[in-house]
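2 protein chains.
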Amino acid sequence: MNRTLTALVALSLCVPAAANVPPPLDLAQRADLALASDNHAYAFIEGLTTEVGPRQAGTEAEARARAWAVEWLKQYGFENIAIEPFMMDTWVPGDIAHARVTGPFAQDLEVLPLGNSAATPVGGIEAEVVYFRNVDELRAAPDGSLKGKIAFISHAMSRTQDGSQYGFAGPARWVGAGIAASKGAVGAVIKSVGTDNHRNPHTGGTSFPDGITPIPAGALSLPDAANLERMFARAKGRPITLRLEMNPRQLGPKESGNVVGEIVGRNPSLPPVLLACHIDSWWNAPGAFDDAAGCGIIIAAARSVAESGRPLRTIRVLLAGAEEVGLFGSTAYSKAHLAEPIAVGIESDFGADRIWRFDSNFRETNPVLHKKIASAVARFGVSSGTDVAGGGADLNIVRDQKGALIDLQQDGTRYFDLHHTPDDTLDKIDIVQLRQNVAVWTQVVGILANEETAILTGTPIPAAPAIMQSN
Amino acid sequence: MNRTLTALVALSLCVPAAANVPPPLDLAQRADLALASDNHAYAFIEGLTTEVGPRQAGTEAEARARAWAVEWLKQYGFENIAIEPFMMDTWVPGDIAHARVTGPFAQDLEVLPLGNSAATPVGGIEAEVVYFRNVDELRAAPDGSLKGKIAFISHAMSRTQDGSQYGFAGPARWVGAGIAASKGAVGAVIKSVGTDNHRNPHTGGTSFPDGITPIPAGALSLPDAANLERMFARAKGRPITLRLEMNPRQLGPKESGNVVGEIVGRNPSLPPVLLACHIDSWWNAPGAFDDAAGCGIIIAAARSVAESGRPLRTIRVLLAGAEEVGLFGSTAYSKAHLAEPIAVGIESDFGADRIWRFDSNFRETNPVLHKKIASAVARFGVSSGTDVAGGGADLNIVRDQKGALIDLQQDGTRYFDLHHTPDDTLDKIDIVQLRQNVAVWTQVVGILANEETAILTGTPIPAAPAIMQSN
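The listed protein sequences derive, respectively, from chains A and B.
Just so you know, we're using the numbering used here here: the first sequence kicks off at 821 and counts up by one.
Just so you know, we're using the numbering used here here: the second sequence kicks off at 821 and counts up by one.
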């Protein structure tokens, strides 16, 4: 019902207002309305997670997600909707992931493979575990010292509002297995890079250096990693042995794709505003936070802006494919469209909790616009930061163009409780915070899409004829 | 280090106090000390969950748990320690548990088998799902109407401090699969009987009526069950099909056992105070809440009482085997010892959170003692209830003897977040609340173990010579 109604509303953008119809809400009123009652972002997240679910890059599930998103954009009245396919080397997790301590304290541990992990032989491998409290300890291990062993790489990570401890703890996953392999290990398990205490391992990509053959590499859930650490404290020098069995596979090149759609501006010759998210997720969860939420937010905000009047500039949404496994969609999009200037890029890919800070990379070059935005979002509890915005993962094109970027920083306090775990499900969405996102995005995107000067510098853009003047 | 020290302290019970050694703390002081600083209950839980882990009844893991507990009791100075074996029909979960919606919204669902579930054929079964919002709807389905189908049995459960909604929601698990089988279903999945929102199914026993062949029966995690419910809302009459594969097995009779140990009283001819817990857990978790905590609490409390002076009555701990799968240990213990009167029974088997209510079944028959206990525990925030205590699951012997029972009601608000899930791990233990349990138990057990009259009635017991008068 919502969808039909929405489609009608969207279509009405091109229809002259009938007599006695109240004028459309202005941008600020639209943002306030989103804060009070937006259901469109939630409906997107609910729909995608229920009707498609997990959507590992390069698989048929990701293809279904693209088709589903195209239908959604159509029903919301977007124009120029397209799937832009690209090929990518595709890894899939398989359906076996078992870890068991076989001595001296025999018990199963919850494990999931890391992206790019190799498979074990059928029946698994069994080897002594060597415990490293962090990646630095692993780096310090002598060459060859892990021959025939399984490395267990730990770390400690705290919840942070800005998510900054991901950079602090992440190397355990990003490079741990590769370093272990280079020192002779036959397998690696890491303490999940996360902040929860549930039996849900955090997967994510790992990489192996050139010339190093990938080894089986898995993430233990936080409680299981803590248990293994306690075992080392209790083993009193006895070897701890682990049996590990996993069957992920590299499938070679498979098709992925980006989904794009537009709210065409009154002057389509002006560079568009690019709103990005990613449509893929890891296989182990329907990816409500990561990143159905981001796609729901940007689509709802674009629609909300359009309902306050067709904007001057085109608003383009980019639902990138294959982000999790290596930003393949972002790279492909930049390669295909580098010659087409983007006015400004913004991404939503950090869950669905409240936006608390706004950063741009034009605070010094276009202070008027920066301040205008800061002033407009202040009422939503969003302060202006002093960082230079770097843009989200799917904004390679803007970085490649050295263009304007904005970061709308979400509260990441509980993001790494859920990130890349099976637990990233619809019920984690707090609709009150989600609506605040849509409100802030509406406000920001509305300002940007109606900005007459170049976003990055504030310099006037030569006037071009407006080709459409509805609303 | 703690263990060695503790063993020395326990041994010192029989040694006359040396000159210049301060007198032992009295009972109330011991309870206060437990509240402030008890680490013994936590150490038990940590040790059992780390060194043994999950301990499914009838398996070698449960046998390891018994051996581990015997060592613990020895090191804590208990006497008359014994394993009392018994045979029981043993079910094991297997190592395959997959559920996948195959249409129209294809995706995997997290599932675990229910105790007594049958196996699917290799490769699984695939069938249309019939959705029942609750057991009453399932009961109302016509005979034969589920032929060839998989029943999905839902319910709704709220968190309650007293855990009372377990009785309200539990039938979905206890009888749902059996009813479905009797109506022709080839499989059943239930919404987990629980109150969390994590991807961790709640297992637990189910039963099939006489004459009904067991079918494959699993629990979906709460988020997955909610997802399946949303699919039914969106399918618009299209059939929803599920593929289910599980390989649990019935192994026939295997050995389980109870572990007992005693603090022998000054007058061992008096009926003992029986403190119960259970040593087994489901296979899917190390069972920190259920019920390593209970065993840790009763052992710590018995020890704490002993340290305030050898009690008049013997305190016996019963770490029952095979509770989860049908109270086999409780039944076996009653059968073996029914002729030996128990003074009073208390069990700890509801997690590790704060005790808030005290009930007995002698409030009217022995009001003096009831009030004495109520008065002694009031300072810990424990009120006197008006329920007639029924005793825990492992106290069959006391019920069979129509003896005295006490219930120390723990806060169950988060108990059914964890109950029978993989998530029941050490990190869920709140040591501050755990210590309050040990404090309350110390106070209650100390009073009971030094009570000179019959607990249930308050009638005088004929004097018997005290055989030991140390401390």
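Each residue gets a CB set at the ideal place from its N, CA and C atoms; glycine is no exception.
Item                                                                                                                            : Value
Proximity test, Cβ basis, 9 Å: R1177 (chain B) and chain A                                                                      : no
Under the three-state DSSP convention, the category D1179 (chain B) falls into                                                  : strand
Cutoff 7 Å; reference E1049 (chain A); Cβ partners in own chain excluding five residues on either side                          : S974
Neighbour flag for M1051 (chain A) against chain B, beta carbons, 9 Å                                                           : yes
Chain B within 9 Å of I1287 (chain A), Cβ atoms only                                                                            : Model confidence at I1287 (chain A) stands at a pLDDT of 47, short of 50, so the residue's coordinates are unreliable; what they give is reported in the following sentence. For I1287 (chain A), the answer is no, since every Cβ of chain B falls outside 9 Å of its Cβ.
For N1216 (chain A), the three-state DSSP class (helix, strand or coil)                                                         : helix
8 Å contact criterion, which Q1080 (chain A) and A902 (chain A) should meet: CB distance rounded                                : As written in the sequence, residue 1080 (chain A) is Val, which differs from the Gln given in the question. Yes, they are in contact, since the Cβ atoms of V1080 (chain A) and A902 (chain A) sit about 5 Å apart, within 8 Å.
Bridge partner(s) assigned by DSSP for F906 (chain B)                                                                           : B:S1076
Cβ separation of P1161 (chain B) and P1091 (chain B), assumed to be a contact under 8 Å, to the nearest whole Å                 : 4 Å
For C1097 (chain B): DSSP bridge partner residues                                                                               : B:L1139
Within chain A, the residues that Q927 (chain B) reaches when beta carbons sit closer than 8 Å                                  : V872, G873, P874, A881 and P1106
The stretch 1059–1075 of chain A / the stretch 1103–1114 of chain A touching (three or more Cβ pairs under 8 Å)                 : no
Cβ-based contacts, 8 Å cut-off: residues of the stretch 1047–1075 of chain A near chain B                                       : N1047, R1050, M1051 and R1054
Cutoff 9 Å: T1233 (chain A) Cβ touching any chain B Cβ                                                                          : no
Residues of its chain near L893 (chain B), where Cβ-Cβ distance is below 8 Å and the 5 sequence neighbours each way are ignored : I901, V1079, G1081, I1119 and V1137
Cutoff 7 Å; reference L1238 (chain B); Cβ partners in own chain excluding five residues on either side                          : F1109, D1244 and K1248
Partners in chain A for E930 (chain B), counting only beta-carbon separations shorter than 9 Å                                  : P1242
Alpha-carbon to alpha-carbon, P933 (chain A) and W911 (chain A)                                                                 : 11 Å
Selected residue, minimal CA-CA separation from P1013 (chain B), among B:T870, B:G1004 and B:G990                               : Correcting the residue type first, residue 1013 (chain B) is Val in the shown sequence and not Pro. With distances taken between Cα atoms, V1013 (chain B) lies closest to B:G990.
Where the beta strand (DSSP E) through G1205 (chain B) begins and ends                                                          : S1203 to V1208
Partners in chain B for P1043 (chain A), counting only beta-carbon separations shorter than 8 Å                                 : D1243, T1245, L1246 and D1247
8 Å contact criterion, which I1032 (chain A) and G998 (chain A) should meet: CB distance rounded                                : 6 Å
Members of the stretch 852–868 of chain A that neighbour chain B once the beta carbon cut-off is set at 9 Å                     : E866 and G867
H918 (chain B) (DSSP reduced to helix, strand or coil)                                                                          : strand
Contact with chain A by R979 (chain B), beta-carbon distance below 9 Å                                                          : no
Chain A contacts made by the stretch 947–962 of chain B, where a contact means CB separation under 8 Å                          : none
Cutoff 9 Å: H1352 (chain B) Cβ touching any chain A Cβ                                                                          : There is no way to answer for residue 1352 (chain B), as the model of chain B reaches only from 821 to 1291.
Sequence-distant residues of the same chain with beta carbon closer than 6 Å to Q1263 (chain A), five excluded per side         : A851, A1196 and V1197
C-alpha distance - L1094 (chain A) paired with G1232 (chain A), whole-angstrom precision                                        : 23 Å
Anticipated Cβ contact below 8 Å, E930 (chain A) with L1040 (chain A), distance rounded                                         : 7 Å
H1239 (chain B): CB within 8 Å of a non-hydrogen atom of the ligand HEM                                                         : With respect to small molecules bound, the structure shown includes none, and the ligand HEM cannot be examined in it.
Proximity test, Cβ basis, 9 Å: D915 (chain A) and chain B                                                                       : yes
Contact residues within the stretch 987–1021 of chain B, judged by C-beta distance below 8 Å to chain A                         : N1017, H1018, R1019 and N1020
Supposed contact pair R884 (chain B) and G1107 (chain B) - C-beta distance, whole angstroms, cut 8 Å                            : Not quite, the Cβ-Cβ distance comes to about 13 Å (not below 8 Å), so this is no contact.
Cutoff 9 Å: N840 (chain B) Cβ touching any chain A Cβ                                                                           : no
Backbone secondary structure at W911 (chain B) - three-state DSSP                                                               : strand
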